[in-house]
Amino acid sequence: MELNEVTSDSIGLLVKERPAPPAPEPDYDAIKLPGRDGTLYRRKDTVPDIPVTFTFGFKAKKDLWMEQYRIVKEWLYDGIGSRLVLSDDPEYFYQVKQLKIKSTDRFIRTMGQISVEFICSGYQYLLEGTAEMDIDQVLYNRYFLSHPVYKITGEGVCTLTVNGKTMVANVGQNLTIDTERKLSYRLDNTIMNTSVTGDYDDLYLLKGKNSIAITSGFRLKVIPNWRCR
Numbered sequence: 669m670e671l672n673e674v675t676s677d678s679i680g681l682l683v684k685e686r687p688a689p690p691a692p693e694p695d696y697d698a699i700k701l702p703g704r705d706g707t708l709y710r711r712k713d714t715v716p717d718i719p720v721t722f723t724f725g726f727k728a729k730k731d732l733w734m735e736q737y738r739i740v741k742e743w744l745y746d747g748i749g750s751r752l753v754l755s756d757d758p759e760y761f762y763q764v765k766q767l768k769i770k771s772t773d774r775f776i777r778t779m780g781q782i783s784v785e786f787i788c789s790g791y792q793y794l795l796e797g798t799a800e801m802d803i804d805q806v807l808y809n810r811y812f813l814s815h816p817v818y819k820i821t822g823e824g825v826c827t828l829t830v831n832g833k834t835m836v837a838n839v840g841q842n843l844t845i846d847t848e849r850k851l852s853y854r855l856d857n858t859i860m861n862t863s864v865t866g867d868y869d870d871l872y873l874l875k876g877k878n879s880i881a882i883t884s885g886f887r888l889k890v891i892p893n894w895r896c897r
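Residue numbers for the sequence shown follow my numbering, so the first one is 669 and each next one is one higher.
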């Protein structure tokens, strides 16, 4: 497996068995109505986080087991917030949000084992969906509701329209609108939330056909963040 663009075998870890990530169940609102038997459930457009568990074996040189263990831990914790890719599913990745080292065993002087639970977003993301694309490349979403990133270049006030809903933005050369993090910022990472008016949720890409338009004179690129369960 690969974490933060570093493969496990490159630091001496061997995956003992293939992980079996659980399928995330959609979140629901439970509604009780007086005088009615049972409970009504309203499906939401969100899913919970999921655990993805690995058990690794590793071998160290004589008297360097603890040093190797420190390297492994640094690699793991550096991977929080990054992508986890399985070698037999290389076109998709999990987004790591947290991790827990469940157990560590040292069998002999040079050999050990470590079990790690990665807490990941419930969706899998397509690697191809992390590239900047033109508008016509993202108008049809074959996957689930996605939270794209919009990158605008130009000067002045413009209107971004997605599926008939709008966000007005005051652009000074460039502006990035990140609907997942609900942030707007410049390329130098200056936060520009006060430069936009509208609801980030309105800019999501629905499953199926979508429409996207921007004021004439401005250039728009979209990172669709395609995802599936």
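For each residue, glycine too, the CB sits at the ideal point set by N, CA and C.
Residue burial classification, Gln763 (beta-carbon count within 10 angstroms, cutoff 16)
buried
Where does Leu795 sit, in a helix, a strand or coil, going by DSSP?
Under the three-state reduction of DSSP, Leu795 is assigned to helix.
Quick one, which of Thr778, Thr723, Leu888 and Asp869 has its alpha-carbon nearest Gln736's?
Thr778
Between the C-alpha atoms of Tyr696 and Leu807, what's the straight-line distance to the nearest angstrom?
Their Cα atoms are separated by approximately 28 Å.
Can you give me the C-alpha to C-alpha distance between Tyr853 and Met860, rounded to a whole angstrom?
Linking Tyr853 to Met860 through their CA atoms gives a straight-line distance of about 5 Å.
Thr721 to Ser771 span [Cα, whole Å]
12 Å
Decide if the stretch 732-748 is in contact with the stretch 674-681; the criterion is three or more beta carbon pairs, one per stretch, under 8 Å apart.
At 8 Å Cβ cutoff, the stretches touch.
Near Leu701, which residues of its chain fall below 7 Å by C-beta distance, leaving aside the five closest residues on each side in sequence?
Leu708
Extract the residue ranges of the beta strand (DSSP E) inside the stretch 693-771, only unbroken runs of 3 or more that lie entirely within it.
696-699, 708-711, 718-727 and 751-753
Reduced DSSP secondary structure (H/G/I, E/B, other) of Lys776
Residue identity differs from the one stated: residue 776 is Ile in this sequence, not Lys. Reduced to three states, the DSSP call for Ile776 is coil.
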